[in-house]
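J.: This is the structure I have questions about; it appears just below.
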């Protein structure tokens, strides 16, 4: 993985994106010597990946109830339903 300063990344952004897209290169972006970002090729999915994910993570029938509980207990529950104006 190539390290590049934020300044250099901004000056050469098109070149960096070309390297990522066409050669699969990855860049670690540094600001004041600290890592702030990674630029890497996007992972490409396909139907088989989607099928696997859907199988591994079945629907959660209690999700909506859990969300309501979280909102109620955190004080984030709306006092007025915005859809019933």
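In the working numbering, the protein residues as written are 151 to 235.
Note that CB positions come from ideal geometry on N, CA and C, so glycine has one too.
Since this is a predicted model, take the numbers as computed values, not measurements.
How would you label residue 163, buried or exposed, when you count the other beta carbons within 10 angstroms and need 16 or more for buried?
T.: Classification for residue 163: exposed.
J.: Helix, strand or coil for residue 179 per DSSP?
T.: Reduced to three states, the DSSP call for residue 179 is strand.
J.: Run through DSSP, which three-state label would residue 201 get?
T.: Three-state result, residue 201: helix.
J.: Determine whether the beta carbon atoms of residue 185 and residue 177 lie at a separation below 7 Å.
T.: Contact: no.
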